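Numbering (this note's numbering), first residue to last: 1 to 158.
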């Protein structure tokens with residue numbers, strides 16, 4: 001992965017940084033914002049898309065305005081670490097739109113889920129009727145977000 005990063009020059013990084021801030025820019029506006037002419041900017045952007053640096057374009061939605069007032073970070077420990085159990089858990093996770101992210105992690109837990117729900121009662125219901133019944137769960141800890149201090153706004157170009 002470091003090799004991929006090393007293939008990016010300053011112009012590529014400017015394009016990626018600018019696109020993360022506003023993926024709706026026209027090529028002309030992107031070229032102007034990055035200090036490039038339009039044709040080289042268009043070619044570089046297409047190459048970055050084709051090589052997988054840009055995986056898509058999305059709108060950033062306000063979860064609270066959508067009625068998703070509760071964000072919960074759920075740590076999961078599974079019973080055994082067999083491939084079958086991990087696969088069964090991963091397949092179960094994919095079934096629920098409330099689980100917006102899932103990471104396999106090291107440390108005290110095996111998985112970290114980001115779960116959104118309308119309110120605490122909605123999360124309690126989801127937790128009791130779905131999360132706790134997922135295959136292979138040994139232990140589960142819910143940590144509630146009280147305040148978002150620094151939202152995700154894009155990856156740094158280090």
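The C-beta atom is built at its ideal place from N, Cα and C for all residues, glycine as well. In this text, all values refer to a predicted model and were calculated from it rather than measured experimentally.
Which one or two residues does DSSP pair with residue 141 in a beta bridge?
-> Taking the first residue of the chain shown as 1, we reach residue 141 at position 141. Partner(s): 75.
For residue 60, three-class secondary structure by DSSP = Within the chain shown, the letter at position 60 stands for residue 60. Coil.
Taking just the CA atoms, how far does residue 138 sit from residue 78?
-> As a first step, residue 78 must be located in the chain shown, where it is residue number 78. As a first step, residue 138 must be located in the chain shown, where it is residue number 138. Their backbone Cα atoms lie some 5 angstroms apart in a straight line.
Between the Cα of residue 75 and the Cα atoms of 150, 157, 156 and 144, which residue gives the shortest distance?
-> Walking along the chain shown from the start, residue 75 turns up at place 75. That would be 144, whose Cα lies nearest to the Cα of residue 75.
Look at the Cβ atom of residue 15, then the Cβ atom of residue 45, and state whether they are nearer than 8 angstroms.
-> Indexing the chain shown from 1 puts residue 15 at position 15. Indexing the chain shown from 1 puts residue 45 at position 45. Yes; because the gap between Cβ atoms is below 8 angstroms, this pair is in contact.
Once you ignore the five residues that flank residue 154 on each side, which residues in its own chain have a CB closer than 6 angstroms to its CB?
-> Along the chain shown, one-based indexing puts residue 154 at 154. Answer for residue 154: 20, listed in chain order.
Under three-state DSSP, which class holds residue 131?
-> Stepping through the chain shown from its first residue, residue 131 is reached at position 131. Note: residue 131 maps to helix in three-state DSSP.
Residue 99 - DSSP class collapsed to helix/strand/coil | Looking up residue 99 in the chain shown gives position 99. Residue 99: strand per DSSP, three-state reduction.
Buried or exposed (CB count within 10 angstroms, at least 16 for buried), residue 110 | Here residue 110 is taken as the residue at index 110 of the chain shown, counted from 1. Classification for residue 110: buried.
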